[in-house]
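> Please find one structure pasted underneath; my questions will follow.
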Amino acid sequence: MKISILAAPLGLTLLFSSACSLIAPYDRAAYEHATNAKVDTLALMSKATGSYDEHEKEVEALVRQLDKAYEYDRGRQLNKITSAQWNILRDPNRDLVGGFLKMWKAKGTLSPTFIAEKKKQIGDAFDQIIQLESEKLK
Amino acid sequence: MANIDVGSILKLVENQSKALAEKLFKQYTHQAVSDVRDFLQKSTLNLKRWVEELARGEMDKDEFESLVKGQADVAEMRALKQAGLAAVQIDTFTNGVLDIIVSAAFAAIP
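Chains A and B, in that order, give the protein sequences. According to the working numbering, the first sequence is numbered sequentially starting from 1. According to the working numbering, the second sequence is numbered sequentially starting from 139.
Shown next, in the form of structure tokens:
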């Protein structure tokens, strides 16, 4: 009889813990993708006082790296919020990484003051993805 | 058959769940409010500095505009993070309540 009494709460626990999550658990690979992408993005941005054409290959590599990080997160269950954050960050028609790279291409070079300010802003944007990932349940 | 006092189990679960909710959500609310306040303060200081840099000719109008619009994008990403953190708190609460139910049920078995 004790077994059947115990089985009810245990069964409930298993059922609810698997069915009731609202958000994906922490993923170390996703965290590393975001932190690596932040470092590489800020490093490339520092070069935007120089000609875009000279750095086009590096820009393409960075865009690919960001696309991979996005696709990884997009493929995770219950991870729509993080995917939406990546979309804002990468969108060339907005004003974070995608917009910065688009502007660099259009203008050829960018001013050192703007680059310094934009690096702080984009660093803060990456931190929103990184902080959310690190707070997910482990 | 074991004599289980279901009423006392439910009361225990209710009290402990209430305490857990108060602790978790109070903590979350405090962090969220503090995060928004910091962001607004930083944004105000940033805007003042960008206007001065634009006036000194250290950046052009397009660059200034990109910074202002970019700040709105960061605000959106920050709001998404807060929504995600709220979901994490709810998951933590759900798991906590399940632990409370199991502990209370085991404790009630003679």
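The C-beta atom is built at its ideal place from N, Cα and C for all residues, glycine as well.
So which of B:Pro248, B:Ser172, B:Ala245, B:Gln220 has the shortest CA-CA distance to Ile23 (chain A)?
Looking at the Cα atoms, B:Gln220 is the closest of the given residues.
> At least one CB of chain A closer than 9 Å to the CB of Gly208 (chain B): is that the case?
Judged by the 9 Å Cβ criterion, Gly208 (chain B) is in contact with chain A.
> Taking Thr49 (chain A) as the reference, give the member of A:Asp127, A:Pro112, A:Phe126 with the closest Cα.
If we check each option's Cα against that of Thr49 (chain A), A:Pro112 comes out closest.
> Does DSSP classify Pro112 (chain A) as helix, strand or coil?
Helix, per DSSP.
> Provide the residue span of the alpha helix (DSSP H) that contains Gly208 (chain B), from first to last.
Here the alpha helix (DSSP H) through Gly208 (chain B) covers 199-246.
> Determine the direct distance from the alpha carbon of Ser204 (chain B) to that of Thr109 (chain A), and round the result to whole angstroms.
Cα-Cα distance, rounded: 15 Å.
> When DSSP labels each residue in this structure, what does Glu191 (chain B) get in the three-state scheme?
Looking at Glu191 (chain B) - three-state DSSP - the assignment turns out to be helix.
> Any idea if Gly222 (chain B) is buried or exposed, counting beta-carbon neighbours within 10 angstroms, 16 or more meaning buried?
By the neighbour-count rule (16 or more Cβ atoms within 10 Å), Gly222 (chain B) is buried.
> Please say whether Leu42 (chain A) and Gly123 (chain A) have beta carbons closer to each other than 9 Å?
Closer than 9 Å, so yes.
> Taking Met103 (chain A) as the query, report the chain B residues whose CB atoms sit under 9 Å from its CB, ordered along the chain.
Asp200, Glu201, Ser204, listed in chain order.
> Can you pull the chain A neighbours of Thr285 (chain B), defined as C-beta to C-beta under 8 Å?
There is no way to answer for residue 285 (chain B), as the model of chain B reaches only from 139 to 248.
> Under a three-way DSSP split, which group does Met1 (chain A) fall into?
Residue confidence for Met1 (chain A) is low, a pLDDT of 44 falling below 50, so the modelled location carries little weight; the figure read from the coordinates is stated next. In this structure, Met1 (chain A) counts as coil in the three-state DSSP scheme.
> Since Met45 (chain A) and Ile115 (chain A) are thought to touch, with beta carbons under 8 Å apart, how far apart are those beta carbons, to the nearest angstrom?
The pair is a contact, with the Cβ atoms about 6 Å apart (cut-off 8 Å).
> Please list the partners that Thr113 (chain A) has in chain B, where partner means a Cβ-to-Cβ separation under 7 Å.
Result: Glu191, Glu196, Met197.
> Alpha carbon to alpha carbon, how far is Tyr72 (chain A) from Gly136 (chain A)? Give it in angstroms, no decimals.
It is Lys, not Gly, that sits at residue 136 (chain A) in the sequence shown. So the two alpha carbons sit approximately 16 Å from each other.
> Can you look up Gly145 (chain B) in the DSSP assignment and give me helix, strand or coil?
If DSSP states are grouped into helix, strand and coil, Gly145 (chain B) belongs with the helices.
> Using a Cβ-Cβ distance under 9 Å, would Arg175 (chain B) count as near chain A?
Answer no: the Cβ-Cβ gap between Arg175 (chain B) and chain A never drops below 9 Å.
> What's the gap between the Cα of Leu183 (chain B) and the Cα of Lys119 (chain A)?
If you take the alpha carbons of Leu183 (chain B) and Lys119 (chain A), they lie about 16 Å apart.
> Under 9 Å, Cβ to Cβ, is there at least one residue of chain A near Asp143 (chain B)?
No, Asp143 (chain B) lies away from the interface with chain A (no Cβ there is under 9 Å from its Cβ).
> Output needed for Gly234 (chain B): all residues of its chain with C-beta closer than 8 Å, excluding positions within five of it in sequence on either side, in chain order.
Ser155, Leu158, Leu162.
> In whole angstroms, what is the alpha-carbon distance linking Met103 (chain A) and Asp95 (chain A)?
Distance between the alpha carbons of Met103 (chain A) and Asp95 (chain A): 9 Å.
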